[in-house]
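Using full-length UniProt numbering, read the sequence shown as starting at 1 and increasing by one per residue. For every residue, glycine included, the Cβ atom is placed at its ideal position computed from N, Cα and C.
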Amino acid sequence: MYSGIAIPLIGFGTAAKAYNIDQMKQAVDTALQVGYRNLDTASIYGTEPALGEALNHAFLMGIINRDEIFVTSKLFAGDHDDPVSTLKTTLKNLQLEYLDLYLIHWPINLRKGASHPNPKEEDFLFFAIRYRVYMEGNGAMRGVGAY
């Protein structure tokens, strides 16, 4: 990453909405115990609260420390209008103070209530720069990706 932080090569994805919270917590607990240190989620997956509970449990049990894992989440296309509060919700759900990487899930904005994106509605370069400067300046994340 640009910041010099290494991303673990193999990650554990948490996009499985079909599982309940207990199943997701067990899967994450097992992943951490067998050595996964790169965890991937997104607000649209609906799994951030379960991942947060699993991480909190792992921290309390001494399985891992926060600085031993790399956590990525994503800003969904329908949330481009308010990335700050969306990130705050993500951090609350994950029970974390910061993310290691926060990706823009789609490179175009999907307006609330719209059925199709309209990439001409917003200057996305400006959006990305404004977003990155704010988030990094407030210590909420250590990097941002395109999508």
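N56 sits in a helix when the DSSP states are folded into three classes.
Assignment of T47 by DSSP, reduced to helix, strand and coil, places it in the coil class. In the structure shown, N38 falls within a strand segment according to DSSP collapsed to helix, strand and coil.
DSSP places I64 outside both helix and strand once states are collapsed to three, so it counts as coil. About 5 Å separates the beta carbon of L94 from that of E48, a gap short enough to meet the 8 Å contact definition.
One alpha carbon belongs to N20, the other to G4, and they sit about 36 Å apart.
Our two residues, T72 and Q33, have alpha carbons roughly 19 Å apart in a direct line. About 21 Å separates the Cβ atoms of A6 and V28, ruling out a contact at the 8 Å cut-off.
Apart from the 5 residues on each side of it in sequence, I44 sits with its Cβ closer than 6 Å to the Cβ of F76 in its chain, given in chain order. Collapsing the DSSP output to three states places L101 in a strand. In terms of CA proximity to L9, Y36 leads the group A16, K25, D22, Y36. Taking C-beta atoms under 8 Å as the contact rule, L91 and E97 qualify, at a distance of about 7 Å.
About 6 Å separates the CB atoms of I69 and L39; that is less than 8 Å, so the two are in contact. Proximity to H105 across M61, A50, Q26, T41 peaks at T41, based on C-alpha coordinates.
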